[in-house]
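Its first residue numbered 1, the sequence shown is counted upward by one per residue in UniProt numbering. Using N, Cα and C, we set each Cβ at its ideal position, and we do this for glycine too. Bear in mind that the values here come from a model prediction, so they are computed numbers and not experimental data. What follows is a single structure, written as C-alpha cells, with notes after it.
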Amino acid sequence: MYADDTTLVVGKESIESLQISAFIATNLATQYCHENDLVINTQKTKQIMFGRRGREESALPEMEVEESACFLGITIDSSVTWTAHIDNVCRKLNTGIFLIRRMTQIGTPEIAKIIYYAFCETHIKYGIAAW
Numbered sequence: 001m002y003a004d005d006t007t008l009v010v011g012k013e014s015i016e017s018l019q020i021s022a023f024i025a026t027n028l029a030t031q032y033c034h035e036n037d038l039v040i041n042t043q044k045t046k047q048i049m050f051g052r053r054g055r056e057e058s059a060l061p062e063m064e065v066e067e068s069a070c071f072l073g074i075t076i077d078s079s080v081t082w083t084a085h086i087d088n089v090c091r092k093l094n095t096g097i098f099l100i101r102r103m104t105q106i107g108t109p110e111i112a113k114i115i116y117y118a119f120c121e122t123h124i125k126y127g128i129a130a131w
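In C-alpha cells:
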C-alpha cells in the first residue's frame, strides 16, 4: 500500500536547524511507513521552501525542490502568494465559459445556468476557507 498525499511541515529560523528537523521528521515518517507496510514513492516526494526570501539551500538536499504544489485542490507556492492557484482556477473557468457560450448558442438559458453551477461556481467557491 502506498502512503499518498503525506505532508510534513517543518519550520525553523535558520537553514541549519531546518535541515536537522526536516531530516529527523522525514526519517520518522519513513520509519512509520515501513513499520505499517506503507511505501513512500520517492520519485513523487518533493519539498517546498516557504518564505519571502529566496533560499540558496534546501532543507533536504537529496529531495527535489518545487516552486509550487497542489494540496487538496489548492495550489500553494513557495512565496505564499495565490498567483499559481488563481492561474489554475482561471484555466478551469475558461473551460466553463467556453461551454456556457456554446450552450447559449444552441441551448436554453437554464442549461447554461446548470453548466455555470457545474463548471464555474464549484471552482470559484472551492478553497474559500483557505483563502
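Residue 66 and residue 79 have their C-alpha atoms roughly 11 Å apart. For residue 128, no alpha helix (DSSP H) encloses it, and the DSSP letter there is neither H nor E. With a beta-carbon spacing of about 6 Å, residue 59 and residue 47 fall inside the 8 Å limit used to define contacts.
If you check the CB distance, residue 40 and residue 130 do not come in under 9 Å. Straight across, the Cα-Cα distance linking residue 26 with residue 49 is about 15 Å. Boundaries of the beta strand (DSSP E) around residue 70: 68 to 71.
Buried is the label assigned to residue 120, since at least 16 other Cβ atoms lie within 10 Å of its Cβ.
Taking the C-beta atoms as reference points, residue 93 is found nearer than 9 Å to residue 124.
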